[in-house]
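Reviewing the structure listed below.
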Amino acid sequence: MVDREEQRNTDIAAGLVAMRQNIDTTPREDIRDRYDSAMEARQRLATMRGQLERFQAGLELMNGQLTLLQTIAGRISGVDISADDLDSESGAKAAVVSIKRIVEAQEQERQRLARQMHDGPAQSLTNFILQADICSREFDRDPERASDELSNLKDSAKSTLSKVRDFIFDLRPMMLDDLGLLPTLKRYTSRFKDRSDLEIEFEVVGEERRLEDYRQILIFRGIQELIVHGRDYASASNVRVRMDITGDPIKVLVEDDGRGFDVLVMEAGDESKMTARMRDLITMRDKFELVRGTVVVQSSEDGTQVRLELPAG
361 MVDREEQRNT DIAAGLVAMR QNIDTTPRED IRDRYDSAME ARQRLATMRG
411 QLERFQAGLE LMNGQLTLLQ TIAGRISGVD ISADDLDSES GAKAAVVSIK
461 RIVEAQEQER QRLARQMHDG PAQSLTNFIL QADICSREFD RDPERASDEL
511 SNLKDSAKST LSKVRDFIFD LRPMMLDDLG LLPTLKRYTS RFKDRSDLEI
561 EFEVVGEERR LEDYRQILIF RGIQELIVHG RDYASASNVR VRMDITGDPI
611 KVLVEDDGRG FDVLVMEAGD ESKMTARMRD LITMRDKFEL VRGTVVVQSS
661 EDGTQVRLEL PAG
């Protein structure tokens, strides 16, 4: 379907180029046809936007269901609070705290997705519609400018499609299920490097082995978030990811050479002094601790190191 739309846009652009070269001899009916084609493209885009919004709403629902299923699976596997613990008052309180942390982590993830959607595909689609409006107004008054605007629409469509694909990959890489953790991480780091000024070194010790889905997701999300931290919060030039999967637990070290922060402030937990980066790291640590993993943070003016450990099974 996407390929057909791209081909249609290509055909429209080619026709506009030809029409522009012969604008004086082009019948008004042909110009009107090109205008109608542009309007159809606009309508299709509006439909895509509605589908994208419905996808986001459905995604939020599925995320909540996924978190619940992962929590249940973790409890059945004995990685969280046991049923015996709930018989005591302290065990019941621990269960409440655990559930609260899960809900808070999920809400923060939803907020992150909403921001990413707003700043990425949604913004691009809005700009696309504005360009279509300009094109529709100019078609009768200035066909040559309208032709240029239609060419810009094609470029915008390609850019928006690329952003949607990137968003879907960042949201849930399908290859994580098909190929496993290491190939997915290699592709992610390579794509991230190509799309930014960040140099990323990815090193693996040991051979690929299949982990439970929630463990793979937790490790992937942890590394993904730390790389984004290096770019967005630390303004780093280089990020190094080293992953050791030879033993149990799985060990990951992520280092950046960007701006550091005061870890003592983060550990103190004073909300008035906490930054978004600190909150993200605390949330990450909460997620790992729910499955008996650890997150250790060290930071200075020379950069930040984060060590992740997660039981292999």
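The working numbering numbers the first residue of the sequence shown as 361 and each following residue consecutively. All C-beta atoms in this analysis are idealised placements derived from N, C-alpha and C, irrespective of residue type, glycine included.
Under DSSP, the beta-bridge partners assigned to Leu613 are Arg602, Arg667. DSSP places Phe621 outside both helix and strand once states are collapsed to three, so it counts as coil. Excluding five sequence positions before and after Gln476, the CB atoms of its chain that fall closer than 7 angstroms to its own CB belong to Phe527, given in chain order.
Annotation for Ser597: Asp557, Leu558, Glu559, Asp617, Gly618 place their beta carbon closer than 8 angstroms to its own, counting only its chain and skipping 5 residues before and after. Rounded to the nearest whole angstrom, the C-alpha separation of Pro671 and Asp515 is 46 angstroms.
Secondary structure note for Glu585: its alpha helix (DSSP H) is the uninterrupted segment 573-592. If you draw a straight line from the Cα of Arg569 to the Cα of Glu585, it is about 22 angstroms long. Scanning its chain for C-beta atoms nearer than 6 angstroms, with the 5 sequence neighbours on each side dropped, one finds around Ser659 the residues Gly620, Phe621, Val623, in chain order. A check of alpha carbon separations from Pro481 across Leu510, Lys518, Ala506 identifies Lys518 as the nearest. With fewer than 16 other Cβ atoms from the protein chains shown falling within 10 Å of its own Cβ, Glu400 counts as exposed.
The residue from Glu661, Gly663, Asp662, Leu650 with its alpha-carbon nearest to that of Glu669 is Leu650. When Glu572, Thr643, Asp662, Thr664 are compared, the shortest CA-CA separation from Thr654 is found for Thr643. Between Tyr593 and Arg637, the C-beta gap is smaller than 7 angstroms, which places the two residues in contact. For Ile587 and Val599, the gap between their C-alpha atoms comes out near 7 angstroms.
For Val657, the secondary structure class from DSSP, reduced to helix, strand or coil, is strand. Looking at the DSSP output, Ile560 shares a beta bridge with Val599.
The beta carbon of Leu578 sits closer than 8 angstroms to those of Lys647, Phe648, Val651, Gly653, Leu670, all from its chain and outside the five residues before and after it, given in chain order. Annotation for Ala672: no alpha helix (DSSP H) segment contains it, and DSSP assigns it neither H nor E. For the pair His478 and Leu536, the Cα-to-Cα distance works out to about 25 angstroms. Of the candidates Asp608, Arg602, Ala492, Arg645, Ala492 places its Cα closest to the Cα of Glu509. Secondary structure within the segment 520-544: the alpha helix (DSSP H) runs of 4 or more consecutive residues, fully enclosed, are 535-538 (chain order). Counting along the chain, no alpha helix (DSSP H) covers Arg569, and no H or E run does either.
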